[in-house]
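Under this note's numbering, the sequence shown is numbered contiguously, ending at residue 291. Beta carbons are placed, not taken as given, at the ideal position from N, Cα and C, and that holds for glycine. Just so you know, these numbers come straight off a predicted model, no measurement behind them.
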Amino acid sequence: MHLSSQFIIYAALILIQVLFGINFSTSKVIVGKLDPFIWSNVRFLIAGVIMLVFTLAARRPHPKLTKEFLLPIVPLSLLGMALGQGLFLLGLKHTTSVNAAIITTSIPILTLLVVVLRKQESITINKLIGFFLAFAGVVFIRDLSQVSFGAETFIGDLMVFLGAFCFALYLSFGKKFLLGHDNLWVTTWMFMISGIFMTLINIPKFSDFVMPEMNNVFIGSATFTIIGATLITYFLNNWALKRAPSGNVALFIYLQPVLAGVIGWYYLDEQITTRMLVCSMLIMSGLICSILPNLMGKKTN
-9 MHLSSQFIIY AALILIQVLF GINFSTSKVI VGKLDPFIWS NVRFLIAGVI MLVFTLAARR
51 PHPKLTKEFL LPIVPLSLLG MALGQGLFLL GLKHTTSVNA AIITTSIPIL TLLVVVLRKQ
111 ESITINKLIG FFLAFAGVVF IRDLSQVSFG AETFIGDLMV FLGAFCFALY LSFGKKFLLG
171 HDNLWVTTWM FMISGIFMTL INIPKFSDFV MPEMNNVFIG SATFTIIGAT LITYFLNNWA
231 LKRAPSGNVA LFIYLQPVLA GVIGWYYLDE QITTRMLVCS MLIMSGLICS ILPNLMGKKT
291 N
């Protein structure tokens, strides 16, 4: 793969982390007023309809509806979207944003364990050093005094971890499937399957559903989450997963706190501390160490 293509892939992965990083705050606003599973239901159905219209307009040839297509796409949809995001949002409602952010740092580690156990990728010295540096940076960039793992947050913390594990499984098992099918149609199907699955789960809740108060903050958060943190991110993630090792795709999740710090400094005049600079350097060093063989054209898996 050409060097320019590699940079485009990694630029897409960086954009994904920017959008997901902002999504921590917008999702917290939404689940404070709306049941997490109902919100997942709504976001996936709306994203699916938008993606379907776009895919039909692009006149992309539909994959043949064979068992090779239908059997894998259902569990992949649940792992990558319905369960992954549903469990995360449910957990976020019952834990703190800091706890959730720390727990989601397990995604790259879990992904690496899965792909190594499945012999999709091998552990190299570059990957070990890269993961260690990035993980250390992500852990220490947080104010650990605000982390509060206890009985009151246990259920929420567990839900976030299970959501992270589902997404790690998706990154591993989804790669081979994505390589053989059109990304637009796969993403469309995943949204629709996840939306239908969540509708079935939510049937008992619809009778008691009350529309939340609509204000500018809620509407803006919902719009961003559907367009930015669902439609764009999942499409780009699937696109990148076809072209980069699963472990590297997961490793870019460690960029979220760095990008959140930059956004906070630029837009909110938040102070950049020495700890943030040091930890950001650790994270960036870890990323570079891990992806350097790919940029140099060496095989890593």
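query                                                                                                                                                                  : result
Quick one: what's got a C-beta closer than 6 angstroms to M180's C-beta in the same chain, skipping five residues either side?                                         : S67 and M71
Here's a check: name, in chain order, each residue in its chain whose Cβ is nearer than 7 angstroms to the Cβ of R108, leaving out the five neighbours to either side. : S162
Going by the CB atoms, is the gap between A37 and Y244 shorter than 9 angstroms?                                                                                       : no
Which of the three DSSP states, helix, strand or coil, is assigned to M204?                                                                                            : coil
So the alpha helix (DSSP H) T189 belongs to, where does it begin and stop?                                                                                             : N173 to F196
Just mark L82 as buried or exposed, buried being the case when its beta carbon has 16 or more other beta carbons within 10 Å.                                          : buried
Nearest by alpha-carbon distance to L55: which of H171, R233 and F121 is it?                                                                                           : H171
Note down the Cα distance separating S184 from T178, rounded to an integer number of angstroms.                                                                        : 10 angstroms
Taking the continuous alpha helix (DSSP H) assigned at S162, which residues delimit it?                                                                                : F144 to L169
Evaluate R49 with the Cβ neighbour count: other Cβ atoms within 10 Å of its Cβ, from every protein chain shown; 16 or more gives buried, anything less gives exposed.  : exposed
Below 9 angstroms between beta carbons: does that hold for V150 and L77?                                                                                               : yes
Between T85, L123, L169 and F130, which has its C-alpha nearest I278's C-alpha?                                                                                        : L123
Ordered along the chain, which non-local residues of its own chain (more than five positions away) have a Cβ less than 6 angstroms from that of G276?                  : G120, L123 and A124
Do you know whose CA, among L3, S15, V252 and S30, lies nearest N192's CA?                                                                                             : S30
Report back the beta-carbon spacing between P202 and K18 to the nearest angstrom; my notes put them in contact at under 8 angstroms.                                   : Wrong, their Cβ atoms sit about 14 angstroms apart, outside the cutoff.
Using 10 angstroms around the beta-carbon of F10, count the other beta-carbons present and answer buried if the total reaches 16, otherwise exposed.                   : buried
T215: which of E142, A2 and I20 sits nearest, CA to CA?                                                                                                                : I20
Report the start-end ranges of each beta strand (DSSP E) in the region 215 to 282 that is 3 residues or longer and not cut off at the edges.                           : none
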